[in-house]
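So the protein sequences, as listed, match chains A and B. Position 269 (the first sequence) corresponds to 269 in my numbering; numbering is contiguous. So the number in my numbering is just where the residue sits in the second sequence, counting from 1, plus 340. Beneath this line is the structure, given in structure tokens, with notes to follow.
There are 2 protein chains.
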Amino acid sequence: MAGQSEPGRGRVTIRTVAADAGVSVAAVSKVMRNAYGVSESLRQRVEASIEKLGYRPSVAARGMRGQTYTLGVLLVDIENPFLPSIYQGIEEMTEARGYKIMVGVGKAHERREAQLIEQMIDNRMDGLILVASQIPGAVMDRYARQIPTVVVGHHEPQADSFDTINSDDRQGARLAVQAFVERGHRDIAMLAMEWDARHEADVSPQREAGYLAAMAEFGLAGRARILRVPSSEKPHADDLRRILAMPDRPRAIFCWSDLDAVPLRNLAWQMGLRVPEDLAIIGYDNNPVAALPMIGLASIDQDGPRMGRLAAEALLSRIAGRRQAEHVLVPPSLVLRGSV
Amino acid sequence: MAGQSEPGRGRVTIRTVAADAGVSVAAVSKVMRNAYGVSESLRQRVEASIEKLGYRPSVAARGMRGQTYTLGVLLVDIENPFLPSIYQGIEEMTEARGYKIMVGVGKAHERREAQLIEQMIDNRMDGLILVASQIPGAVMDRYARQIPTVVVGHHEPQADSFDTINSDDRQGARLAVQAFVERGHRDIAMLAMEWDARHEADVSPQREAGYLAAMAEFGLAGRARILRVPSSEKPHADDLRRILAMPDRPRAIFCWSDLDAVPLRNLAWQMGLRVPEDLAIIGYDNNPVAALPMIGLASIDQDGPRMGRLAAEALLSRIAGRRQAEHVLVPPSLVLRGSV
DNA sequence: ACCGAGATGTAGAATGTTCTACGTAGAACG
DNA sequence: CGTTCTACGTAGAACATTCTACATCTCGGT
């Protein structure tokens with residue numbers, strides 16, 4: 001019922017172009033795809049007609065047989081200011097190669113993410129990049145058999161149906177612990193998300209493992225403490241407050257994400273704690289908010305743009321035919337700020 | 341070249357379902373679309389087969405004739421934390437009605453936005469929502485004739501080919517000026533974006549007009565001052581610093597967006613200015629960062645979710661056949677915080 | 001003059017839906 | 001009992017591409 005002014009009679013299709021250029025439909029198709037077997041003169045003629053008529057191929061029709069030259073990017077969440085940096089990297093890489101991107105927002109909800117993936121398959125996207133998806137590995141595997149897939153921010157090093165690009169989350173945690181230790185801290189806790197076995201591949205458990213390993217490495221195994229807050233659904237300000245009010249409040253906290261580190265730092269301020277004197281904090285993601293001078297939150301930087309570029313490269317090579325899975329770990333770095 | 345395991349032979353199409361249920365292809369199509377003329381018994385039979393086979397219609401094939409039940413949402417920018425709230429509203433409304441959403445990110449770049457719109461038309465989206473687009477009205481008009489369109493955050497009250505949903509930006513500016521006046525301020529400046537005639541319909545010029553009108557209303561016409569920073573491309577920290585260092589620095593600043601108000605507030609802090617004693621600030625958008633206790637930035641709230649819902653409703657009714665354009669203004673409100 | 005190989009171009013099937021037009025059976029009506 | 005509706009289904013064209021043969025041309029070599 002969505003009929004607009006022109007009932008469709010006006011639409012310029014590949015047929016219109018072919019007629020105008022005086023060649024076959026197949027010839028125009030070849031030109032569009034840079035396919036083999038088109039002479040320079042033919043190409044020029046066809047391109048002139050395309051230009052003249054303003055022809056644009058229908059992605060829908062393309063999708064029925066060949067490629068759509070469109071990639072799907074699934075973001076966990078649109079509110080985390082760290083994610084756009086990954087997106088930038090993806091885009092930079094794919095745009096140059098003539099691919100378009102469609103974004104889906106999963107809102108950290110597994111059911112929803114699955115729907116979006118199916119929708120992208122239905123839309124005949126050429127490939128998929130899942131960023132920090134909540135979907136369990138087994139399910140990912142099933143989808144990945146239907147469509148070339150690269151996963152970012154989800155550790156599944158043994159997967160063979162898709163590639164993974166990750167920050168070296170264990171190393172990131174180690175950097176944080178080391179920075180605390182070098183500044184004389186011994187009472188170093190970690191603030192982590194609650195998780196169950198289904199989410200073992202998520203980043204938070206990896207950072208936990210790294211934290212515990214680093215504490216042991218620095219001879220502080222006995223002092224390791226993991227404080228938990230409910231998974232990333234909104235309201236855990238109260239949990240954070242409770243943590244800061246504990247009689248044995250730690251002197252330094254490594255926080256699994258700036259998503260919690262920023263509120264934590266704000267609560268500390270509200271409760272009159274001096275940062276870093278009473279409480280030192282290091283977050284994760286180097287979220288732009290952490291960089292604001294008034295917040296001044298030290299954080300582990302994952303180099304989002306680079307992860308994005310790597311993911312895009314992996315996807316394109318997979319689309320080009322690669323079958324062997326690739327698993328990349330990107331080294332993180334620590335950005336020091338006032339909170340340590 | 342993207343071939344996955346199953347060469348396609350395995351794909352379950354509408355034909356598979358029809359065969360399984362022992363009915364015609366057209367019958368299955370009717371069931372999928374809830375179209376007229378299908379008996380209860382037939383519907384049940386078909387639905388059982390769909391369930392059993394896990395059939396999912398191909399959006400590509402659908403797009404070739406009918407609707408795709410997919411809407412395109414074009415966001416200026418993925419880094420502005422205010423935009424997700426509009427997105428939530430859009431989604432809430434459309435999801436319930438069985439529509440899917442694809443997001444495009446324009447990065448405040450006109451050429452890019454135009455490409456994305458064309459891409460969405462190519463993908464046969466049923467309709468488009470443009471959020472804070474940079475595209476001039478005349479160009480929008482051309483696109484809007486090809487596809488049902490609703491525009492958010494772009495004032496074009498005379499447009500007849502598309503609908504607009506906006507915050508009442510003039511009223512928002514008035515609220516800010518009024519709040520300052522009530523607190524005894526008279527030296528009230530506005531921080532605005534540079535703009536040219538092409539962007540008169542953007543929100544910043546509207547807020548300027550509202551500021552000037554309000555200053556006049558409160559008898560301060562002679563004291564109105566508009567300070568300009570380069571358009572939203574990144575680096576204007578230096579411009580902000582210069583403004584704060586002016587000998588005749590204003591005592592109160594109404595800022596066109598939290599995008600600039602947050603850095604401004606941070607710079608003031610860095611330069612040792614007391615807020616609000618030395619400088620009071622009100623921003624616009626009620627960006628989540630403004631709400632952080634340490635930032636405490638008063639801001640005009642646009643009720644993003646509501647604008648999103650209204651935009652979605654307008655689009656759906658337009659898809660359903662409405663031709664007459666609608667132009668809605670949503671009243672803003674002031675959220676008071678420490679910066680005033 | 002003939003042949004074979006490569007390069008260039010074309011016809012037409014295939015893709016998975018929707019939509020138009022039409023057929024058929026049973027009910028309601030005179 | 002014939003006629004006319006109405007409700008339910010179906011056949012097949014249409015949609016805009018790509019892709020798989022296949023046909024035709026051009027040359028250089030015999």
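Beta carbons are placed, not taken as given, at the ideal position from N, Cα and C, and that holds for glycine.
Original post:
Interface residues of chain B around Trp269 (chain A) at Cβ under 9 Å?
Top reply: Pro633 and Met634
**OP:** Give the residues of chain B in contact with Gly283 (chain A), contact being defined as C-beta atoms less than 8 Å apart.
**Re:** Chain B residues near Gly283 (chain A): none, gap ~14 Å exceeds 8 Å.
Subject >> Start and end residues, alpha helix (DSSP H) containing Ile341 (chain A) >> reply: Past the boundaries of the shown model lies residue 341 (chain A); chain A is included only from 1 to 340, so the question cannot be answered.
Subject >> Counted within 10 angstroms of its Cβ, other Cβ atoms place Met341 (chain B) as buried (16 or more) or exposed >> reply: Note that Met341 (chain B) scores 33 on pLDDT, short of 50, meaning its location in the model is unreliable; the coordinates nonetheless yield the value given after this. Result: exposed.
**OP:** Quick one: using the 10 Å Cβ neighbour count with 16 as the cut-off for buried, is Tyr284 (chain A) buried or exposed?
**Re:** It counts as buried.
Subject >> Inter-residue Cα distance where the pair is Leu515 (chain B) and Ser597 (chain B) >> reply: 14 Å
**OP:** Would you be able to state if there are at least three C-beta pairs under 8 Å between the stretch 267-283 of chain A and the stretch 301-320 of chain A?
**Re:** no
**OP:** Give me the Cα-Cα distance between Glu51 (chain A) and Ala35 (chain A), rounded to the nearest whole angstrom.
**Re:** 19 Å
Original post:
Over what stretch of residues does the alpha helix (DSSP H) that includes Ala386 (chain B) continue unbroken?
Top reply: Checking the sequence shown, residue 386 (chain B) turns out to be Val, not Ala. Start and end: Glu380 to Leu393.
Original post:
Of all the residues that make up the stretch 72-89 of chain A, which are near chain B by a beta-carbon distance shorter than 7 Å?
Top reply: Taking 7 Å as the Cβ-Cβ cut-off against chain B, the residues of the stretch 72-89 of chain A that qualify are Ile78, Glu79, Pro81, Pro84 and Tyr87.
Subject >> Residues that DSSP places opposite Arg228 (chain A) in a beta bridge >> reply: A:Ala192
Subject >> Collapsed DSSP secondary structure at Arg355 (chain B) in the structure displayed >> reply: Helix.
**OP:** Quick one: grab the DSSP three-state call for Asn606 (chain B).
**Re:** helix
Original post:
Quick one: does Arg373 (chain B) have its CB under 8 Å from some CB of chain A?
Top reply: no
**OP:** Give the straight-line distance between the Cα atoms of Val680 (chain B) and Asn506 (chain B), rounded to the nearest whole angstrom.
**Re:** 26 Å
Original post:
How is the alpha helix (DSSP H) around Asp122 (chain A) delimited, first residue to last?
Top reply: Glu110 to Asp122
Original post:
Is the CB-CB distance between Val471 (chain B) and Leu423 (chain B) below 8 Å?
Top reply: yes
Original post:
With C-beta atoms as the reference, is Arg646 (chain B) less than 8 Å away from Val670 (chain B)?
Top reply: For Arg646 (chain B) and Val670 (chain B), yes; Cβs fall inside 8 Å.
Original post:
chain B beta carbons: is any one of them nearer than 8 Å to that of Met307 (chain A)?
Top reply: no
Original post:
For Val46 (chain A), which of A:Val262, A:Met294, A:His185 and A:Met32 has the nearest alpha-carbon?
Top reply: A:Met32
Original post:
Quick one: does Glu47 (chain A) have its CB under 8 Å from some CB of chain B?
Top reply: no
Original post:
Contact check, His667 (chain B) vs Pro497 (chain B) under 8 Å by CB: the rounded distance?
Top reply: 5 Å
**OP:** For the beta strand (DSSP E) containing Asp588 (chain B), list its first residue and its last residue.
**Re:** Premise fails: Asp588 (chain B) is in no beta strand (DSSP E) and is neither H nor E.
Original post:
Which chain A residues are close to Val543 (chain B), counting only those with a beta carbon under 8 Å from its beta carbon?
Top reply: The contacting residues do not exist; Val543 (chain B) stays about 20 Å from chain A at best.
Subject >> Proximity winner among A:Val177, A:Pro148 and A:His199, relative to His154 (chain A) (alpha-carbon distances) >> reply: A:His199
**OP:** Closer than 6 Å by C-beta to Arg43 (chain A): which residues in its own chain qualify, once you throw out the five before and the five after it? Chain order, please.
**Re:** So the list reads Val31, once near-sequence residues are dropped.
Original post:
Is it buried or exposed for Gly3 (chain A), if we count other Cβ within 10 angstroms and need 16 for buried?
Top reply: Low local confidence applies: a pLDDT of 32 at Gly3 (chain A) is under 50, so the model's placement there is unreliable, with the coordinate-based value given in what follows. The residue is exposed, with fewer than 16 neighbouring Cβ atoms inside 10 Å.
Subject >> Segment contact flag, the stretch 508-524 of chain B with the stretch 546-563 of chain B, C-beta cutoff 8 Å, min 3 pairs >> reply: yes
**OP:** Indicate whether at least one CB of chain A lies closer than 8 Å to the CB of Arg396 (chain B).
**Re:** By this cut-off, Arg396 (chain B) is an interface position.
Original post:
Is the shortest distance between the beta-carbon of Arg198 (chain A) and the beta-carbons of chain B less than 8 Å?
Top reply: no
Original post:
Would DSSP call Ala162 (chain A) helix, strand or coil?
Top reply: Note on residue identity: the sequence assigns Phe, not Ala, to residue 162 (chain A). It is coil, neither helix nor strand.
Original post:
Met125 (chain A) and Thr68 (chain A) look like a contact to me (Cβ under 8 Å); what is the Cβ gap, rounded to whole Å?
Top reply: 6 Å
**OP:** Select from B:Asp417, B:Gln474 and B:Pro587 the residue whose C-alpha is nearest the C-alpha of Ala454 (chain B).
**Re:** Ala454 (chain B) has its Cα closest to that of B:Gln474, out of B:Asp417, B:Gln474 and B:Pro587.
**OP:** Using a Cβ-Cβ cut-off of less than 9 Å, give me the residues of the stretch 438-451 of chain B that come near chain A, in sequence order.
**Re:** Answer set for the stretch 438-451 of chain B: Lys440, Ile441, Met442, Val443, Gly444, Val445 and Lys447.
Original post:
Is the distance from the Cβ of Ala268 (chain A) to the Cβ of Val262 (chain A) below 8 Å?
Top reply: no
Original post:
Taking buried to mean at least 16 other C-beta atoms within 10 Å of its own C-beta, is Arg145 (chain A) buried or exposed?
Top reply: Looking at its Cβ environment, which holds fewer than 16 other Cβ atoms inside 10 Å, Arg145 (chain A) is exposed.
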